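Asker: The opening position of the sequence shown corresponds to residue 0 in numbering that gives the first Met the number 0, with each subsequent residue numbered one higher. The beta-carbon is built from N, C-alpha and C at its ideal position, and this holds for glycine as well. As the structure is a computational prediction, the values presented were derived from the model and not from experiment. Structure provided below as structure tokens; questions to follow.
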Amino acid sequence: MSHRDLTGQADEALVAALRTDPAALEEFYRRHVRGLTRYAARRMRDPSEAADLIASAFLEAVESSARYDPRRGRPIAWLTGIAANLAAVQERREAAAARAFARVDGQRPLEPDDFDRLERQIDAARRVHR
């Protein structure tokens, strides 16, 4: 299909062709990149994170296009849902990293003698609990 042939195609037809037709991906992207950019700009903290989210959402759309179900919503809602899921995963990772850093913040790094002391304590605890 040429680009001109796809301009009149419904979004559902484009989604069905995303994996096999680069022109379908190009047209789908052209139609929805602005809306997804607005969504990503509101959701992410900085422009590079927003750009990564947009790229990841379109890549995931290509990968999961066979699972698109038009009974569950329009393609733009599906694409935005993909972006929302990806953003939520990123937010959970960032929160977990922040919690991990908070746990170790202010703690001094272990010295080699500390490892020896910990091993002795673990061995002693094992002997007591046998």
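On a Cα-Cα basis, can you pick out the residue from 77, 48, 40 that is closest to residue 14?
Answerer: Counting from one through the sequence shown, the residue named residue 14 turns up at place 15. That would be 77, whose Cα lies nearest to the Cα of residue 14.
Asker: Put residue 9 into one of helix, strand or coil per three-state DSSP.
Answerer: Within the sequence shown, numbered from 1, the residue matching residue 9 stands at position 10. Of the three classes helix, strand and coil, the one that applies to residue 9 here is coil, per DSSP.
Asker: Within 10 angstroms of its Cβ, does residue 144 collect 16 or more other Cβ (buried), or is it exposed?
Answerer: Residue 144 lies beyond the stretch modelled for the chain, which goes from 0 to 129, so this question has no answer here.
Asker: Report the residue ranges of all beta strand (DSSP E) runs contained in full by the segment 5-64; include only those spanning at least 3 residues, in chain order.
Answerer: Fully enclosed beta strand (DSSP E) runs of 3 or longer: not present.
Asker: Do residue 85 and residue 55 count as a contact pair if the criterion is CB distance below 9 angstroms?
Answerer: To locate residue 55, count along the sequence shown from 1; it is residue 56. To locate residue 85, count along the sequence shown from 1; it is residue 86. Contact flag set, yes.
Asker: Ends of the alpha helix (DSSP H) at residue 118?
Answerer: Within the sequence shown, the letter at position 119 stands for residue 118. Residue 118 -> alpha helix (DSSP H) spans 111-127.
Asker: I'd like the list of long-range same chain contacts for residue 3, defined as Cβ closer than 7 angstroms, with 5 residues on each side in sequence excluded.
Answerer: Looking up residue 3 in the sequence shown gives position 4. Confidence is the limiting factor: at residue 3 the pLDDT is only 47, short of 50, which leaves the residue's position unreliable, though a coordinate-based value still follows. Excluding residues within five positions, none has a Cβ falling inside 7 angstroms.
Asker: List the whole-angstrom C-beta distance separating residue 11 from residue 69, where the pair is believed to meet the contact cut-off of C-beta under 8 angstroms.
Answerer: Working through the sequence shown from its first residue, we reach residue 11 at position 12. Working through the sequence shown from its first residue, we reach residue 69 at position 70. About 5 angstroms separates the two Cβ atoms, so the contact holds.
Asker: Heavy atom of the ligand NAP less than 8 angstroms from the Cβ of residue 18, yes or no?
Answerer: Absence of the ligand NAP from the depicted structure is noted, as is the absence of any ligand whatsoever, leaving it without description.
Asker: What separation, rounded to the nearest whole angstrom, lies between the Cα atoms of residue 83 and residue 72?
Answerer: Here residue 83 refers to the residue found at position 84 when the sequence shown is read from its first residue. Here residue 72 refers to the residue found at position 73 when the sequence shown is read from its first residue. Straight-line Cα distance between these residues: approximately 15 angstroms.
Asker: Can you tell which of 7, 23, 104, 32 has the C-alpha that lies nearest to the C-alpha of residue 64?
Answerer: Here the question's residue 64 lines up with position 65 in the sequence shown. Of the candidates 7, 23, 104, 32, the one whose C-alpha sits nearest the C-alpha of residue 64 is 23.
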